[in-house]
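In this note's numbering, the protein residues as written are 461 to 704. Every residue gets a Cβ at the ideal spot worked out from N, C-alpha and C, and that includes glycine. Single-structure report; data block below.
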């Protein structure tokens with residue numbers, strides 16, 4: 461009986477640690493330590509050759525609050541800040557632009573090419589970015605790809621550090637997988653609002669991965685120890701009753 465209980469404790473701790481790994485906002489912590497400065501509209505005008513997508517939106521950046529404003533945005537040209545009322549993650553992911561498109565063997569050799577689009581219920585791999593559905597202030601919906609920390613901020617209603625993004629097209633494979641959920645929210649599959657700083661993600665993705673893994677491992681052992689102590693206490697009382 462005790463061996464079965466120990467096994468169940470390990471399984472429960474592993475499952476809990478898995479959810480901690482997928483949900484822990486390590487990116488937000490790293491960003492606080494390496495947060496780029498906000499970019500104003502004046503800086504955009506002075507440096508038109510630099511891509512500021514994903515950087516915090518500063519003073520003067522045009523805002524999109526409704527469908528009419530979204531339709532006026534020029535594809536791959538206009539830098540805008542979308543002000544969402546809510547956010548909903550889909551189960552469709554695309555391969556991140558900063559990720560290695562090929563799997564690597566242990567000896568470093570190039571393996572099979574990674575899927576460009578996939579479906580998954582959890583944010584397991586940092587190589588893939590989920591598509592989100594943003595609700596705008598007028599009740600309309602658009603597709604978007606934002607960082608995990610930005611998505612969590614939006615969920616909390618923290619809209620102070622929204623990033624700069626651009627309206628852009630995306631793959632037909634992703635569109636096909638997103639059609640059901642987009643039909644549910646009456647969201648167009650023509651374009652997405654892309655607001656991720658690819659360069660920042662590339663430079664910090666390994667750091668984020670290690671941080672999430674460390675937190676998950678610590679949580680696993682801490683929970684396992686707590687459950688073992690509780691089990692010892694319960695079994696100890698049961699043993700005393702039987703002896704009496």
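| Check | Outcome |
| --- | --- |
| Residue 550, DSSP secondary structure in three states | strand |
| When 534, 526 and 553 are compared against residue 542, the one with the closest alpha-carbon | 526 |
| Residues that DSSP places opposite residue 626 in a beta bridge | 654 |
| The region 510-518 / the region 584-603 touching (three or more Cβ pairs under 8 Å) | no |
| Burial state of residue 676, where buried means 16 or more other Cβ atoms lie within 10 Å | buried |
| Where residue 467 falls, given that 16 or more other Cβ within 10 Å makes a residue buried | exposed |
| Status (buried if at least 16 other CB within 10 Å, exposed otherwise) for residue 532 | exposed |
| Secondary structure of residue 689, DSSP reduced to three states | helix |
| Given 8 Å, three or more beta-carbon pairs between the region 480-492 and the region 622-641 | no |
| At least three beta-carbon pairs within less than 8 Å, the region 551-564 to the region 613-624 | no |
| Three CB pairs or more closer than 8 Å across the region 654-661 and the region 465-481 | no |
| Helix, strand or coil at residue 519 according to DSSP, with G and I counted as helix | coil |
| Pairwise C-alpha distance: residue 621 and residue 599 | 22 Å |
| When 475, 471, 510 and 546 are compared against residue 604, the one with the closest alpha-carbon | 546 |
| DSSP-derived helix/strand/coil call for residue 573 | strand |
| Rounded separation between residue 623 and residue 609 - CA only | 11 Å |
| Member of 480, 481 and 642 whose CA lies at the smallest distance from the CA of residue 601 | 642 |
| Simplified DSSP assignment, three categories, for residue 604 | strand |
| Extent of the continuous beta strand (DSSP E) to which residue 593 belongs | 588-596 |
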